[in-house]
Amino acid sequence: MIESDKNMLKAIDMLKQSKVIKFKTEAYLVMNLNTVYVHKVKNPDLEKYRNYYHFTAEHIRLFCTQYKINANFIYGFETNMYRK
Numbered sequence: 003m004i005e006s007d008k009n010m011l012k013a014i015d016m017l018k019q020s021k022v023i024k025f026k027t028e029a030y031l032v033m034n035l036n037t038v039y040v041h042k043v044k045n046p047d048l049e050k051y052r053n054y055y056h057f058t059a060e061h062i063r064l065f066c067t068q069y070k071i072n073a074n075f076i077y078g079f080e081t082n083m084y085r086k
C-alpha cells in the first residue's frame, strides 16, 4: 500500500476517534466512494486487487477540502494533519 493510501485511512480513523465524523462512511461519501472500493484500497495484498485501487488526487482533494485537512499530511510531507 502506498504512503498516501495509508495516511488517508489514518486521517479517516483520526476524524472518527475525535468525533468529527460519526461513521467512516461519512468520509467515504464526501469522496464519492463506497465501502467496497475502500476495502480494495485497504487490502492490496489480495491478488485480484494488487496495484489497481488507490485514493486518487480527486478523492484526496475532496476529503481535504471538506474536513480542512492538510494535503501535505496525506502525501507524507508534513506531520500536522490540520491546515493552519
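Residues are numbered in the numbering used here as their position in the sequence shown, beginning at 1, plus a constant of 2. Ideal Cβ placement from N, Cα and C applies to all residues, glycine included.
| Asked | Found |
| --- | --- |
| Taking its Cβ as the centre, do 16 or more other Cβ atoms sit within 10 Å of Ala59, making it buried, or is it exposed? | exposed |
| Who are Ile71's beta bridge partners in DSSP? | Tyr84 |
| Buried or exposed: which applies to Tyr84, given that a residue is buried once 16 or more other Cβ atoms fall within 10 Å of its Cβ? | exposed |
| Provide the residue span of the alpha helix (DSSP H) that contains Ser6, from first to last. | 5-19 |
| In three-state DSSP terms, what is His41? | helix |
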